[in-house]
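The listed protein sequences derive, respectively, from chains B and P.
Heads up: the first sequence runs through residues 6 to 638, numbered per the working numbering.
Heads up: the second sequence runs through residues 37 to 224, numbered per the working numbering.
Don't be surprised by glycine CBs; every beta carbon is placed ideally from N, CA and C.
In what follows, a structure is listed as structure tokens, so that the remarks can point back to it.
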Amino acid sequence: MTSVAHAQEERRRLERSWEEPKGVVPWFATVDHKRIGTRYLVTAGVFFVLGGLEAVLLRMQLARPDSSLLTPEEYDQLFSMHGITMIFLFVTPMLSGFGNYLVPLQIGARDMAFPRLNAFSYWVYLAAGLLLYSGLAIGRAPNDGWFNYVPLSAQGHTPGVNIDFYGYGLILLTLSTTAGAINFLVTIGRLRAPGMSINRLPLFCWAMVATSLSIVFALPALTAATLLLELDRDFGFRFFDPGGGGDALLWQHLFWIFGHPDVYIIFLPAVGIVSTIVPVFSRRPIIGYTWVALAMLLTATFAFGVWVHHMFAVGLPQITMAFFAAASLAIAIPSGIQVFAWIATMLAGRPVIRTPFLFVLGFLVTFVVGGLTGVMFAAIPFDQQVTDSYFVVAHFHYVLFGGAVFPILAGIHYWLPKMSGRLPSERLGPVSFWLVFVGFNVAFFPMHVSGLLGMPRRVYTYPASSDWGALNLLSTLGGVVLVIGLAVVLVNVVRTLLTGPPAGSNPWGADTLEWTTSSPPPAYNFAVIPVVGSAQPAWDLDDRRDDEARLERGELVFPGNGHQTMETSELDAVPVAILAMPEESLWPLALAGALACVFVGLVADVHALSVVAGALALVALLGWHLPSRGATT
Amino acid sequence: MTTVPLEARVERRPPAWWGMLGLIATESALFATLVATYFYLRAQSDTGWPPVGIDKPSVIVPLVATVVLVPSSVALALAIRRPDEARLWIGVAIGLGLAFLALEAWVIDSALDDVHPQTDAYASIFYTLAGLHWVHVAAGVVIAAWARSRTWIGPTPVVAIAVAALYWHFTNALAVALLVTLTLSPHL
Numbered sequence: 006m007t008s009v010a011h012a013q014e015e016r017r018r019l020e021r022s023w024e025e026p027k028g029v030v031p032w033f034a035t036v037d038h039k040r041i042g043t044r045y046l047v048t049a050g051v052f053f054v055l056g057g058l059e060a061v062l063l064r065m066q067l068a069r070p071d072s073s074l075l076t077p078e079e080y081d082q083l084f085s086m087h088g089i090t091m092i093f094l095f096v097t098p099m100l101s102g103f104g105n106y107l108v109p110l111q112i113g114a115r116d117m118a119f120p121r122l123n124a125f126s127y128w129v130y131l132a133a134g135l136l137l138y139s140g141l142a143i144g145r146a147p148n149d150g151w152f153n154y155v156p157l158s159a160q161g162h163t164p165g166v167n168i169d170f171y172g173y174g175l176i177l178l179t180l181s182t183t184a185g186a187i188n189f190l191v192t193i194g195r196l197r198a199p200g201m202s203i204n205r206l207p208l209f210c211w212a213m214v215a216t217s218l219s220i221v222f223a224l225p226a227l228t229a230a231t232l233l234l235e236l237d238r239d240f241g242f243r244f245f246d247p248g249g250g251g252d253a254l255l256w257q258h259l260f261w262i263f264g265h266p267d268v269y270i271i272f273l274p275a276v277g278i279v280s281t282i283v284p285v286f287s288r289r290p291i292i293g294y295t296w297v298a299l300a301m302l303l304t305a306t307f308a309f310g311v312w313v314h315h316m317f318a319v320g321l322p323q324i325t326m327a328f329f330a331a332a333s334l335a336i337a338i339p340s341g342i343q344v345f346a347w348i349a350t351m352l353a354g355r356p357v358i359r360t361p362f363l364f365v366l367g368f369l370v371t372f373v374v375g376g377l378t379g380v381m382f383a384a385i386p387f388d389q390q391v392t393d394s395y396f397v398v399a400h401f402h403y404v405l406f407g408g409a410v411f412p413i414l415a416g417i418h419y420w421l422p423k424m425s426g427r428l429p430s431e432r433l434g435p436v437s438f439w440l441v442f443v444g445f446n447v448a449f450f451p452m453h454v455s456g457l458l459g460m461p462r463r464v465y466t467y468p469a470s471s472d473w474g475a476l477n478l479l480s481t482l483g484g485v486v487l488v489i490g491l492a493v494v495l496v497n498v499v500r501t502l503l504t505g506p507p508a509g510s511n512p513w514g515a516d517t518l519e520w521t522t523s524s525p526p527p528a529y530n531f532a533v534i535p536v537v538g539s540a541q542p543a544w545d546l547d548d549r550r551d552d553e554a555r556l557e558r559g560e561l562v563f564p565g566n567g568h569q570t571m572e573t574s575e576l577d578a579v580p581v582a583i584l585a586m587p588e589e590s591l592w593p594l595a596l597a598g599a600l601a602c603v604f605v606g607l608v609a610d611v612h613a614l615s616v617v618a619g620a621l622a623l624v625a626l627l628g629w630h631l632p633s634r635g636a637t638t
Numbered sequence: 037m038t039t040v041p042l043e044a045r046v047e048r049r050p051p052a053w054w055g056m057l058g059l060i061a062t063e064s065a066l067f068a069t070l071v072a073t074y075f076y077l078r079a080q081s082d083t084g085w086p087p088v089g090i091d092k093p094s095v096i097v098p099l100v101a102t103v104v105l106v107p108s109s110v111a112l113a114l115a116i117r118r119p120d121e122a123r124l125w126i127g128v129a130i131g132l133g134l135a136f137l138a139l140e141a142w143v144i145d146s147a148l149d150d151v152h153p154q155t156d157a158y159a160s161i162f163y164t165l166a167g168l169h170w171v172h173v174a175a176g177v178v179i180a181a182w183a184r185s186r187t188w189i190g191p192t193p194v195v196a197i198a199v200a201a202l203y204w205h206f207t208n209a210l211a212v213a214l215l216v217t218l219t220l221s222p223h224l
């Protein structure tokens, strides 16, 4: 057999091992990280639209003073769901979707370290989102903001089921997010291709490491906060009740010990996307790779030391506040390091302006503006003047939309060719960018002004006698332009999927491993496990030719029965073992479904359901761990 | 040109073990947050700790329960070192774990005669921490029993035992931390 024919035979054997059959049951049983990643992206996209519709309603209500388009109760539910949706159901899952799809590809592996846990994470996310929205569907959505402060959210002040959707829904969601984080850490730690030592890890993967470490240590604070809240609300405990030795500020501490790291959990994968796109479109490796990786880890670390800056107006001791003010100034430094690295890379390179790069430039401008107002907040006297005003709303939309949504839009246009095999339109792309960029700024910049003029946040209307009417109308009009821009993005995506021109494996001439395989990748990702010699493996043509030679000889292919990929050491990526990976399974769905029923029972106060579902969950957990063919444990 | 040797060179812990370590890391953060809550509420209390009207926690039975539990870590370490005797040593650990669960259940039950979690935040955090730990030890017993059941199905499941042992050591360390926090610190 010729060596080329031999290579083709190896590919056929891999296809037989890895391709999942078509049908309804396999659709629910998939463990393919690319399919799961795509599901995350699509589901998060749907939640983005829902969160956006909520925002449209809010802006319509606020466009004019003394408006009664929405009642106060409707407004409270809508603005709470807008925040909850965007933060918990859109931005982190969307970035997880990118992580899920790309991390195994970028490290030269064939799947995540725990494929069934990956599927489980998605199903639990979907269940938590449905649980939260079922509250909105019955007119009982959470209505105390996404931050849910006590005493308003305690049983005494908000006795209905609204807050219980929040508490139990979020505890369920944390299971998904935490499982995903552990999965990313072990995958990146042990499944990298031989030769991909830790200093050759793509920066997007470094970002996922920093994010996942943050998730592992920050999310428990939210779990604790919501657990204690529900114990108070549903079982009469006294954690937050001053009349019973409890403390209302305890909620704020617990929530923000989670909440501040959470904004970096949002921000870090996004700047991982930026650090991926800037070098490719500057046609050179990034300047300061080590600095950028360290900056991301430092950001994640400092993130745990600044939470009190959300509490500068609650009456804490001055020395406490001074420490956190200093830390909040310091945390700007690692972000600044990354910004300078990107600018240096662009100046030293020969930038090629395409849609992904446009959205990255939009990110740079918008995020820096948001970062500047953020640093302003670190000055306590200033913070105490603008706290709970629209200045805050302006700030966090600049850092969240700028710092996360622009990179997401960049990432969508950048990786759509890889995922779909088709190129997006370079005519629609720039049009959508400018509409989004202009619309966003017209919508949110005026909020700095209205905030400084005294407009409070979290109010359903404002009086005509205030100075805020024109600014609000301007914001609403900007919002309309923004929505049109996002609609053009959607049109571009759909058009690409239906009729886009073929992309080939590497239309951008990029440097990371996902671009060395076909578009879209085969089920097994790589016919031969690549051997990596630098941080830009797709640009190392000699190494890629060696891969091809190895394929023809049948080395590092592992086409045997079942799913096999390579395990390597943590620092130097020396080969250690061949891993037998699990194949399609319904246990993740079964366990996710059982857990969802536990929480439905808690929300609905039908505790018998929770007990029965808990028992079924235990059965599912045991079933999942039954030894299967090829298992080595 | 980059070369790669193909044989495994070093003995390493499998991914499952690292996954369990990740779970322990996040659970440790959860318990650390709750212990911090305990001391936060204590610092905020202006009626003493425990507040006036609530007895200080008893020491003897929790101390005995913890002393009974901790050697079970040694038993599981032996199960790993002597795989042929794994079934025996895991059984010993499970027995000690069940004894702890019984003793601790008695502690919680008799404390409920004195004060309910709804009485005061002191009681709320006490029962939450003690109860959550009890559930975690019970989960550890289930995991150990599952690993032990695998010894009848095939060759000694060394990875399953290592994973079960890792989790077990975690809940044992928690037992010591909670003995100090819940039982001893109010007396100091």
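Note on geometry: alpha-carbon atoms of Leu83/B and Trp256/B lie some 22 Å from one another.
In the three-state scheme derived from DSSP, where H, G and I count as helix and E and B as strand, Val536/B is classed as coil. Partner residues in a beta bridge of Thr504/B, as assigned by DSSP, do not exist. Contact between the stretch 401-418 of chain B and the stretch 370-382 of chain B is present: three or more C-beta pairs spanning the two stretches fall below 8 Å. At a cut-off of 8 Å between C-beta atoms, Thr97/B does not count as an interface residue with respect to chain P. Excluding the 5 residues flanking it on each side, Phe272/B has same chain C-beta neighbours closer than 6 Å at Gly408, in chain order. Secondary structure at Val499/B: helix, using DSSP grouped into helix, strand and coil. Listed along chain P, the residues sitting closer than 7 Å to Thr228/B by beta-carbon distance are Leu66.
Beta-bridge partners of Glu572/B (DSSP): Ala582/B.
Within chain B, no C-beta atom comes less than 8 Å from the C-beta of Thr219/P; the nearest is roughly 19 Å away.
At a C-beta separation below 9 Å, Trp188/P has no neighbours in chain B, since its nearest C-beta there lies roughly 12 Å away. Note on Thr35/B: 16 or more other CB atoms within 10 angstroms of its CB, so buried under the neighbour-count rule. By the 16-neighbour rule on beta-carbons within 10 angstroms, Glu24/B is exposed. Secondary structure at Arg78/P: helix, using DSSP grouped into helix, strand and coil. By the Cβ criterion, the stretch 239-249 of chain B is not in contact with the stretch 313-320 of chain B, since fewer than three pairs of Cβ atoms, one from each stretch, lie closer than 8 Å. Under DSSP, Pro461/B shares a beta bridge with Ser394/B.
Straight-line spacing of the CA atoms in Gly176/P and Ala346/B works out to 47 Å. DSSP assignment within the stretch 584-609 of chain B yields the following whole alpha helix (DSSP H) runs of 4 residues or more, N-terminal first: 592-608. Collapsing the DSSP output to three states places Arg427/B in a strand. Across the structure, Ala215/B and Gly174/B are spaced so that their CA atoms are roughly 25 Å apart. Between the alpha carbons of Ser126/B and Gln323/B lies a distance of about 42 Å. The Cβ of Thr207/P sits no closer than 8 Å to any Cβ of chain B. Shown here for Val605/B: same chain residues with a beta carbon closer than 7 Å to its own, the five before and five after excluded, namely Leu136, Leu614 in chain order. Separation of Leu621/B and Val410/B (C-alpha to C-alpha, rounded to the nearest whole angstrom) is 39 Å. The Cβ-Cβ distance between Phe260/B and Ala223/B does not fall below 8 Å. Inclusion of Pro70/B and Pro451/B in the CB contact set at 8 Å is not warranted, their separation being larger than that value. Rounded to the nearest whole angstrom, the CA to CA distance from Leu99/P to Asp156/P is 24 Å. Taken in chain order, the whole alpha helix (DSSP H) runs of length 4 or more contained in the stretch 433-494 of chain B are 433-457. Rounded to the nearest whole angstrom, the C-alpha separation of Ile168/B and Ser160/P is 20 Å. Within the same chain, Arg195, Leu196, Arg197, Ala198, Pro199, Met201, Val579, Pro580, Val581 come within 8 Å of Thr573/B by CB-CB distance, once the 5 residues on both sides are set aside. Bounds of the alpha helix (DSSP H) holding His258/B are 253-287.
In this structure, the alpha-carbon of Ile270/B lies about 11 Å from that of Thr182/B. The beta carbon of Ser430/B sits closer than 8 Å to those of Asn497, Arg500, Thr501, Gly505, all from its chain and outside the five residues before and after it, given in chain order. Under the criterion of beta carbons closer than 8 Å, Ala49/B and Phe95/B qualify as touching, at roughly 5 Å. Not flagged as an interface residue toward chain P: His314/B, since no C-beta distance is shorter than 8 Å. With 16 or more other Cβ atoms inside 10 Å of its own Cβ, Arg243/B counts as buried.
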